[in-house]
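One structure is given below, encoded as structure tokens.
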Amino acid sequence: MNREKLENIVARYETLGREIADPEVIADSKRWSRLCKEHTSVAPVAEKYAELLRTEKNAAEAEAMLGDNDMKEYAEEELRECRKRIADIENELKILLLPKDPDDGKNVIIEIRGGAGGEEAALFAAELMRMYKMYADTVGWKWEDMYVNATELGGVKEASFLMRGNDVYGRMKFESGVHRVQRVPETETQGRIHTSTVTVAVLPEAEDVSIEIADKDLRIDTYRSGGAGGQHINKTDSAVRITHLPTGIVVCCEDERSQVKNKDKAMKVLRARVYDHFKSISDKEQADRRKSQVGTGDRSERIRTYNFPQGRVTDHRIGLSLYNITDFMNGGIGEMLDALKMAEVAEKLGEEKD
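The sequence shown lines up with residues 137 to 490 when you count with the numbering used here.
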């Protein structure tokens, strides 16, 4: 274990602690926020290393007591416990020191689209969106709809929503890919099982400093959004369509009655998509150099099957099946996300050994 690296992290942790308490730094909200995030990110390593040093000190004190016949039995037991705890802490530190995806701490924009299966795919897309929002509620994250293209039967052709919280991308990134559902649709009169697909894209929210988008690279069009009519029908061109000319990425937003609010939401999604576009190119180059990848995978990759007749959810990347599909669809996806995170950790540990 690299003690020098750990000492440097502890020194940085202490420096950050002093800086975020400095009134001059507090007055600069952007700088204070950035330093607080860094302080939070290095805290687990600094605290775990402090625990290691305390345990090593206790072990040394126990070892010194071995020559005292009256204390020998106690000292031997204490030394055994300390050595076991030292080994555990060292393993925990190895995991904490693994290279981290710099996007793990970011908020995300989740985009969901119905794939093969027509209305049944749209209905399942709506259920996946509900599932993610329910999970967010259970862990204390916040979410906000960005764009929803709903069907008459309550399904979703396409939707995007923002999810805010602690380590959101670090947990949700594994959801990117094709989700397959096998069940008897409500519209099926003969009881036949249908197979449909929904694609999910989890995009790290791009801050202004993450990626620069020049005004000259944008084409912004406004149009009259659709609606149910009546007294609230939209009589102004409040809907916004933004095209990023270099990549051809197009984002529309018509959820708000205000053109300014629609433009702000559309720019959030556009920024995330453009950032993801270039990140995906970089990730592919990295993946090509690696032997395997749990990761976020190709968007066309089938990652999970939801088999309703058997009450089973299977993640194909790690071969894990859970037989609690009702709880799963009600936001109980934590066990699956934990397993995927551990698989990522195991993969990185294997790469470190290589």
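Virtual Cβ for every residue (Gly too), placed ideally from N, Cα, C.
All values derive from a computational prediction rather than experimental measurement.
A direct Cα-Cα distance of roughly 28 Å separates R167 from I246. Under the three-state reduction of DSSP output, L381 falls in the coil class, being neither helix nor strand. Burial state of K242 is buried, judged by a 10 Å Cβ sphere holding 16 or more other Cβ atoms. Straight-line spacing of the CA atoms in Y359 and E392 works out to 13 Å. When beta bridges are read from the DSSP output, I246 appears opposite F297, V338. Assigned with DSSP and collapsed to three states, I231 falls in helix. Going by DSSP, E192 is part of the alpha helix (DSSP H) stretching over 165–200. Counted as a single uninterrupted DSSP element, the stretch harbouring I347 is not any beta strand (DSSP E), since DSSP gives it neither H nor E. The criterion of a C-beta distance shorter than 7 Å is not satisfied by V405 and V386. If you draw a straight line from the Cα of E197 to the Cα of R266, it comes to about 55 Å. Distance between E217 and E228, taken at the CA atoms: about 16 Å. In this structure, the alpha-carbon of A479 lies about 7 Å from that of I454. Nearest neighbour of L381 by Cα position, chosen from A402, R407, D353, M403, turns out to be D353. Within the same chain, Cβ atoms closer than 7 Å to the Cβ of I231 are found at V481, the five residues on either side in sequence being excluded. Note on geometry: alpha-carbon atoms of V410 and T191 lie some 48 Å from one another. Excluding five sequence positions before and after Y268, the CB atoms of its chain that fall closer than 7 Å to its own CB belong to I246, given in chain order. For the pair I156 and M282, the Cα-to-Cα distance works out to about 33 Å. A buried status is given to F260, since no fewer than 16 other beta-carbon atoms sit within 10 Å of its beta-carbon. The closest CA to that of V284, considering only L339, A179, R249, is found on R249. In chain order, Q318, R319, V320, I329 place their CB closer than 8 Å to the CB of P445, counting only its own chain and leaving out the 5 sequence neighbours on each side.
DSSP places M465 inside the alpha helix (DSSP H), whose first and last residues are 461–465.
Judged by DSSP secondary structure, A286 falls within the beta strand (DSSP E) whose first and last residues are 278–286. T287 is the residue among L233, N205, T287 whose C-alpha sits nearest the C-alpha of A257.
The beta carbons of Y271 and I469 sit about 5 Å from each other, so the pair counts as a contact at 8 Å. For D357, the enclosing beta strand (DSSP E) stretches over residues 354–359. Here the alpha carbon of V334 sits roughly 19 Å from the alpha carbon of G447. In the structure shown, L289 adopts coil according to DSSP, grouped into three states. Taking every protein chain shown into account, the CB of K173 has fewer than 16 other CB atoms within 10 angstroms, so this residue is exposed. In the three-state scheme derived from DSSP, where H, G and I count as helix and E and B as strand, N443 is classed as strand. M299 and T274 have their C-alpha atoms spaced approximately 13 Å apart. Excluding the 5 residues flanking it on each side, P180 has same chain C-beta neighbours closer than 6 Å at L232, in chain order. Between I439 and G313, the CB-CB gap stays under 7 Å. By the neighbour-count criterion, in which 16 or more other beta carbons inside 10 Å mark a residue as buried, I225 falls on the buried side.
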